[in-house]
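For the record, in the sequence shown the residue sitting at position 64 is 64 according to the UniProt record's numbering, with numbers rising by one throughout. In what follows, a single structure is set out as structure tokens and then discussed.
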Amino acid sequence: MRSEMTQGADPAAAEELAGRLWSWSSRWHPGELAWLWRATGPGAAGWRTATWRAGGRTVAWARSTAPGRLDLQADTGHDGLVSAVLDWFEDGAAGHDLAVTVLDRESSLLEVLLSRGYSPDDDAPSFLHLRRRLAAASPPAPLPPGYVLRAVAGVQDGDARAGLHRAAFATPEPTAATYQAVMAHPSYRAALDRFVVAPDGTPAAAALGWLDERSGVLALEPVGTHPRFRRRGLARACVLAVLGAAVELGATHARVCARDGAADPAPRATYEAVGFRPYARNVRLVRPAR
């Protein structure tokens, strides 16, 4: 079936595609896309994006956040679709070195990329995918004296959650308004948005979960701790609280993507301490400018 490309993103359609294609060999979970498209705020306006449709539904999307950098998802059951996405990307990045990030289990994507002259970038940052089964609610983790863990109570907490994320990841987004847009997403659930408040009232750590009811898989995105409050077990407490709430909502598995490497071992250690185990990793493939 022939696909047709349109310039621009359709976030809801991209999330539907991610849910439809979900497997443990998929890079994208629909909840991660929900966060990606909404938490970026005005920055997303600078992305170069496109959507491909066939038979009345979306079959691929792509985004280039900078010239020569590509993220994508495509239904590889459509002949020539991945090549069409790469043609669009390469045409718009002429004269630039190219880099495409995929999951190492996405064998069809990898095959096409290798055939077009891309090769693995061994110096790229390493991001690991981890998963665990959710057979029962996890017991709560103890907190230091004076710290309080709770669920987001409503839009009034949007400013606190946004500020915590900016501090944890040293980024300008999300703002309070951007976080409220995240909270307005149809699949957002306050019960899966937990944060810890320090004794002085500062939001100290948080974890947000997204449950895909079709697969029963919960994605953690994001999890972070304010630099002032690290190494106190606060992120672990937030993660366990989200997992427990997810079980009550019908989740059967959970997954998370975390930076991996000797320079920053804390994220992987945090997740493995609560039962997550690695199963895949992101791979960046590069091709010099032509």
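Here a beta-carbon is modelled for each residue, glycine too, at the ideal position from N, C-alpha and C.
May I ask whether a heavy atom of the ligand GDP can be found less than 7 Å away from the beta carbon of residue 128?
In the structure on display, the ligand GDP does not appear, and there are no ligands present to speak of.
Among 97, 60, 91 and 190, which residue has its Cα nearest to the Cα of residue 80?
Residue mapping note: residue 80 aligns to position 80 of the sequence shown, counting from 1. If we check each option's Cα against that of residue 80, 60 comes out closest.
Where the alpha helix (DSSP H) containing residue 115 begins and where it ends
One-based indexing of the sequence shown puts residue 115 at position 115. Here the alpha helix (DSSP H) through residue 115 covers 107 to 115.
Roughly how far, in whole angstroms, is the beta-carbon of residue 99 from the beta-carbon of residue 68, given that I think they are within contact range, below 8 Å?
Here residue 99 refers to the residue found at position 99 when the sequence shown is read from its first residue. Here residue 68 refers to the residue found at position 68 when the sequence shown is read from its first residue. Indeed, because the Cβ distance is near 6 Å, the residues count as touching under 8 Å.
I need the boundaries of the alpha helix (DSSP H) containing residue 11, first residue and last residue.
Mapped onto the sequence shown, residue 11 falls at position 11. Looking at the DSSP string, the run of the alpha helix (DSSP H) that includes residue 11 is 11 to 21.
Taking 6 Å as the limit between beta carbons, can you name the residues of its chain near residue 88, skipping five residues before and five after?
Translated into positions along the sequence shown, residue 88 becomes position 88. Counting only Cβ-Cβ distances below 6 Å, and skipping sequence neighbours, we find 50.
Kindly indicate the opening and closing residues of the beta strand (DSSP E) around residue 76.
Numbered from 1 along the sequence shown, position 76 holds the residue referred to as residue 76. No beta strand (DSSP E) contains residue 76, which DSSP labels as neither H nor E.
Mapping DSSP to helix, strand and coil, what is residue 192?
Residue 192 sits at position 192 when you count from the first residue of the sequence shown. In the structure shown, residue 192 sits in a helix (DSSP, three-state: H, G or I).
How far does the alpha helix (DSSP H) with residue 213 in it reach, from first residue to last?
The residue given as residue 213 occupies position 213 in the sequence shown. Residue 213 -> no alpha helix (DSSP H), and no H or E assigned at all.
Boundaries (first-last residue) of the alpha helix (DSSP H) holding residue 245:
As a first step, residue 245 must be located in the sequence shown, where it is residue number 245. Its alpha helix (DSSP H) spans residues 234 to 248.
By DSSP, does residue 128 sit in helix, in strand, or in coil?
As a first step, residue 128 must be located in the sequence shown, where it is residue number 128. In the structure shown, residue 128 sits in a strand (DSSP, three-state: E or B).
Report the three-state DSSP secondary structure of residue 223 (helix, strand or coil).
Counted from its first residue, the sequence shown places residue 223 at position 223. If DSSP states are grouped into helix, strand and coil, residue 223 belongs with the strands.
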